[in-house]
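Novice: Take this structure first; my questions come after.
Numbering (our numbering), first residue to last: 113 to 1046.
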């Protein structure tokens, strides 16, 4: 039962009373006092920084280089375009990436800004790993631009002055949501009128207004640059759209070219001119501005309807209290109004000559100064930073159901930006990045702390719209730097109690939930545990992990189907072409890593190896591309699936996390005990570790997983500590360790760590043998649907067929239980094999070959050592076959041990009536006469 006073309220007073900054930082440019996150005291292990672990040649280096090249070559001004546009700043002609990071992408671009945050993180990791100043320069460019964006958003909009038709002009950048607000007296209730404007549209959206005078959707008068047919339209009404008296043009206005538009009304005649030519006339008009009465909305560029804001440039706008003649309209084509036969507008005349400020002078003599405004007003707090208005955040607070065309995970996007800023600060010491990040959290606290508890719970429970990603983790990380009590209080405002409480009680409620909306919540909960000591956070995270792994996990380490979870234990029943969203693997890796810092259960690093060496590596295409990072969104596991490395409309969440993954492959190879007494080697990967506190270097030399083991060479100073080498759960036999050529005593246990304790000296060499064997993993809900592994490597069949392939693997199984002898190696292609004419290859290879990750196991006959007994392989009611039961006893030390197992199994199956006596004898005889790989 929930306490009467919410937990977040109870802690708030204490937080404000006790929190003090870890250190101060400068609000402007320059360097901060430090740029490292203090490790929580609750972590019994500590990670190394990326700069401390250098990647050597191998599969990780090759994949990473592709991403490093992409990051180095990409113009970051394209990413900044949506931010600058939102602030009304010049975009310098940059073209946004498009897709989810642009105004024309899915759901109206409501997620824009998220990809820029991912890119900042990728650049930060690239710089931390390589020290290449090219990445630091890009980071500084982005931080400088975002600082300018926030400064612009803090103020009323200012004119963006550009070259005009005759002199200077005012540009309205698409995505700025800016318009010109005219005084109410502009039309002066004139019965006869002319309105004239020079415009240069830069986008072809329909129904954008050149001008719109009205009160609401009933009484108004507008000129649209494009109607539904793409041509200019003037309309006036006192009875809504159904009562419009209109003038429609005949051709679309060209983009990025100046066009002159004019409308005259005199008596019952209205005329629309385009570039001096009359294109439409209505002689039956009964309405004019005097019919409208007093109007409150008098706008250039904005509609009284929910239409897009005009994107383009205004030069002159004039209003006369008379109908200009055709000759006077013609005169306006080559002259400013003041120099034309028409003269300046008598009701209003704006030349847009201003180069600063946000107001426009009226040259008509009436003194009707116009002002630049935003449709949404402005930020509620000075810390606000986004690539779109604050409106999505506002809408979410009253929303009860999802609609991503209106509200698409605004706090998720805020998280990506916040994380990018924090990572940029940690990588470069640029205090501007820290100031931007701290300001964002101040703004979020100012919004969320005012909301009732029930409102917050409702918000975070809404699919998609309420998604907030890993924001809690990042806020707590920031709190460890700023020490602001508000920041820790903010992190707790994201508590989704129904989820936390269910998982803390180990009650599985995941069926039907959006996977990636919820996985990163638990990484944040662990960080809240670190900051508050509240154990339910850590308990919930541990239990949640166990609900996903293995119960909702595919062999490659991925989870989710069509982005959602289904019932616990349903694997085969969820396989589709939209399984295993890549973001899910990224976030599960982060969660596993963080849990391991608290509890050194090897299962977390076993999962880490599985997902990293298979889904994460396989999600990155082995191809260079300047435009796209080439990362999958879904990892379809249906038969014959071909991976899509340019998913959806581009710049998706998974491409963002994919960029991050490819620049931090080394982050979990090594960990150290908090007291420095041990070094954990979690992954076998060609790397060089510099353990500065010990003055020690450790260089791993290996081609793992093409090589079945690794060599660790020590350098630097002498130091005493325990070396803890991970024994993978699949390494059931043959794991061996030598130090300087001598075998280390002890019995390695699969799924544990093997410890070697000594004083290590420069030149010491540790050799680790990790023998692989081929094995299968069965779908939890269908034992006949299986996936093939060789050591840590998932092997997938390459075949264009779209039905499950059938394979048998016992035919030449080794006494050890290794199924590899049943396959044939492909010469010159490590880890490639053939079976029945079909090639198997590592899942990690980023190709566009059609693949089969799962296949149907088919063992129709009892065969030993390639010798067929002629006996049908019977099965129990649960699908377990006779051969399954025999080989479940592997490894067999000798042939006699295998034959004994065969005899006992025959006796059991004959007694159960599952196998005939004669057939049983044939089976035993075949097993005795066959030859086996040891």
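Just so you know, even glycine gets a beta-carbon here, dropped at the ideal spot from N, CA and C.
1) Report the option in 680, 321, 865 and 550 whose CA atom is closest to the CA atom of residue 793.
2) Over what stretch of residues does the beta strand (DSSP E) that includes residue 827 continue unbroken?
3) Would you list the one or two residues that DSSP bridges to residue 313?
4) What first and last residue would you give for the alpha helix (DSSP H) that runs through residue 654?
5) In the DSSP output, what is residue 447 paired with across the bridge?
6) Closest to residue 934 by CA distance: which of 944, 749, 922 and 640 is it?
7) If you scan the stretch 329-416 from start to end, which runs of the beta strand (DSSP E) of 3 or more residues do you find wholly inside it?
8) Between the beta-carbon of residue 532 and the beta-carbon of residue 229, is there less than 7 Å?
9) Could you compute how far the alpha carbon of residue 843 sits from the alpha carbon of residue 868?
10) Can you check the stretch 180-225 for any beta strand (DSSP E) of at least 3 residues that lies completely inside it and give the ranges in chain order?
11) Run through DSSP, which three-state label would residue 747 get?
12) Spatial neighbours of residue 1040 within its chain, please: CB distance less than 8 Å, with the 5 preceding and 5 following residues excluded, ordered by chain position.
13) Leaving out five residues before and five after residue 549 in sequence, what residues of the same chain have Cβ atoms less than 7 Å from its Cβ?
14) How should residue 367 be labelled, buried or exposed, when 16 other C-beta atoms within 10 angstroms of its C-beta is the threshold for buried?
15) Answer yes or no: do residue 670 and residue 692 have a C-beta to C-beta separation smaller than 7 Å?
16) Does DSSP put residue 320 in a helix, in a strand, or in coil?
17) Can you tell which of 310, 688, 564 and 577 has its C-alpha closest to the C-alpha of residue 219?
18) Please look up how many angstroms separate the CB atoms of residue 392 and residue 307, rounded, as I've assumed it's under 8 Å.
19) Can the beta-carbon of residue 995 be found closer than 7 Å to that of residue 957?
20) Straight-line CA distance for residue 293 to residue 437?
21) How do the stretch 847-860 and the stretch 877-884 stand: do at least 3 beta-carbon pairs fall below 8 Å, yes or no?
22) Please identify the residue among 973, 1017 and 815 whose C-alpha is closest to the C-alpha of residue 173.
23) Determine, using beta-carbon pairs with one atom in the stretch 887-896 and one in the stretch 853-862, whether at least three such pairs fall under 8 Å.
24) Measuring alpha carbon to alpha carbon, tell me which residue in 370, 404 and 634 is nearest residue 333.
25) Excluding sequence positions up to five away, which residues of its chain have a Cβ less than 7 Å from the Cβ of residue 396?
26) Looking only at DSSP bridge pairs, what is residue 976 linked to?
27) Please confirm if the stretch 1023-1042 is in contact with the stretch 977-991, defined as three or more CB-CB distances below 8 Å between the two stretches.
28) Suppose you measure from the CA of residue 344 to the CA of residue 362; what does that come to, to the nearest Å?
29) What separation, rounded to the nearest whole angstrom, lies between the Cα atoms of residue 771 and residue 620?
30) Pick from 369, 370 and 341: whose alpha carbon is nearest that of residue 359?
31) When DSSP builds the beta bridges, which residues end up paired with residue 964?
32) Let me make sure I understand the geometry here. Which of 681, 609 and 678 has the alpha-carbon closest to that of residue 648?
33) Are the CB atoms of residue 262 and residue 422 nearer to each other than 7 Å?
34) Output needed for residue 1006: all residues of its chain with C-beta closer than 8 Å, excluding positions within five of it in sequence on either side, in chain order.
35) Can you tell which of 331, 336, 346 and 243 has the C-alpha that lies nearest to the C-alpha of residue 352?
36) Sort out for me which residues DSSP pairs residue 630 with in a bridge.
Specialist: Reading it off the structure:
1) The count along the chain shown starts at 1 and reaches residue 793 at position 681. Comparing Cα-Cα distances from residue 793 to each of 680, 321, 865 and 550, the minimum goes to 865.
2) By 1-based counting over the chain shown, the position of residue 827 is 715. Per DSSP, the unbroken beta strand (DSSP E) holding residue 827 starts and ends at 821-828.
3) Here residue 313 is taken as the residue at index 201 of the chain shown, counted from 1. Its beta-bridge partners are 424.
4) As a first step, residue 654 is located in the chain shown; it is residue number 542 there, counting from the start. Membership of residue 654 in the alpha helix (DSSP H) is indicated by the continuous run 647-660.
5) Position 335 of the chain shown holds residue 447. DSSP lists no partner for residue 447.
6) The residue you call residue 934 lines up with position 822 of the chain shown. By alpha-carbon distance to residue 934, the top candidate from 944, 749, 922 and 640 is 922.
7) You should have 332-336, 345-349, 357-360, 371-378, 381-386, 389-394 and 409-412.
8) Locating residue 532 in the chain shown gives position 420, where the first residue counts as 1. Locating residue 229 in the chain shown gives position 117, where the first residue counts as 1. Against a cut-off of 7 Å, the Cβ pair of residue 229 and residue 532 comes out as a contact.
9) Taking the first residue of the chain shown as position 1, residue 843 is located at position 731. Taking the first residue of the chain shown as position 1, residue 868 is located at position 756. If I take the Cα positions, the gap works out to 18 Å.
10) Counting whole runs of 3 or more residues, the stretch 180-225 contains no beta strand (DSSP E) stretch at all.
11) Residue numbering aside, residue 747 sits at position 635 when the chain shown is read from its first letter. Under the three-state reduction of DSSP output, residue 747 falls in the coil class, being neither helix nor strand.
12) If you number the chain shown from 1, residue 1040 lands on position 928. Leaving aside the five residues that flank residue 1040 on each side, the residues in its chain whose CB is nearer than 8 Å to its CB run, in chain order, 1011.
13) The count along the chain shown starts at 1 and reaches residue 549 at position 437. Sequence-distant Cβ neighbours of residue 549 in its own chain, meaning closer than 7 Å and more than five residues away, are 530, 533, 534, 537 and 590.
14) Mapped onto the chain shown, residue 367 falls at position 255. Exposed: under 16 other Cβ atoms inside 10 Å.
15) Residue mapping note: residue 670 aligns to position 558 of the chain shown, counting from 1. Residue mapping note: residue 692 aligns to position 580 of the chain shown, counting from 1. Yes, these two residues count as a Cβ contact at 7 Å.
16) To locate residue 320, count along the chain shown from 1; it is residue 208. If DSSP states are grouped into helix, strand and coil, residue 320 belongs with coil.
17) Indexing the chain shown from 1 puts residue 219 at position 107. Nearest of 310, 688, 564 and 577 to residue 219, Cα basis: 577.
18) For this step, residue 392 is matched to residue 280 along the chain shown. For this step, residue 307 is matched to residue 195 along the chain shown. Residue 392 to residue 307, Cβ: 14 Å. No contact.
19) Taking the first residue of the chain shown as position 1, residue 995 is located at position 883. Taking the first residue of the chain shown as position 1, residue 957 is located at position 845. Their beta carbons are not under 7 Å apart, which means residue 995 does not touch residue 957 by this criterion.
20) Sequence index remark: in the chain shown, residue 293 carries index 181 (1-based). Sequence index remark: in the chain shown, residue 437 carries index 325 (1-based). Whole-angstrom Cα-Cα distance: 28 Å.
21) The stretch 847-860 vs the stretch 877-884: in contact.
22) Sequence index remark: in the chain shown, residue 173 carries index 61 (1-based). Residue 173 has its Cα closest to that of 815, out of 973, 1017 and 815.
23) Under the Cβ criterion (8 Å, minimum of three pairs), the stretch 887-896 does not count as touching the stretch 853-862.
24) The count along the chain shown starts at 1 and reaches residue 333 at position 221. Of 370, 404 and 634, the residue nearest in Cα terms is 404.
25) Taking the first residue of the chain shown as 1, we reach residue 396 at position 284. Beyond the five residues adjoining it in sequence on each side, residue 396 comes within less than 7 Å, by CB distance, of 380 in the same chain, given in chain order.
26) As a first step, residue 976 must be located in the chain shown, where it is residue number 864. Under the DSSP definition of a beta bridge, residue 976 partners with 979.
27) Under the three-pair Cβ rule at 8 Å, the stretch 1023-1042 counts as touching the stretch 977-991.
28) Position 232 of the chain shown, counted from the start, is the residue given in the question as residue 344. Position 250 of the chain shown, counted from the start, is the residue given in the question as residue 362. Whole-angstrom Cα-Cα distance: 8 Å.
29) The residue labelled residue 771 in the question sits at position 659 within the chain shown. The residue labelled residue 620 in the question sits at position 508 within the chain shown. For residue 771 and residue 620, the distance between alpha carbons rounds to 32 Å.
30) Position 247 of the chain shown, counted from the first residue, corresponds to residue 359. Nearest C-alpha to residue 359: 341.
31) Here the question's residue 964 lines up with position 852 in the chain shown. Partner(s): 909.
32) Locating residue 648 in the chain shown gives position 536, counting from the first residue. Among 681, 609 and 678, the Cα nearest to that of residue 648 is on 609.
33) Within the chain shown, the letter at position 150 stands for residue 262. Within the chain shown, the letter at position 310 stands for residue 422. For residue 262 and residue 422, no; Cβs fall outside 7 Å.
34) Position 894 of the chain shown, counted from the first residue, corresponds to residue 1006. Correct list, in chain order: 927.
35) What you label residue 352 is simply residue 240 of the chain shown in a count that begins at 1. That would be 331, whose Cα lies nearest to the Cα of residue 352.
36) Within the chain shown, numbered from 1, the residue matching residue 630 stands at position 518. Partner(s): none; residue 630 has no beta bridge.
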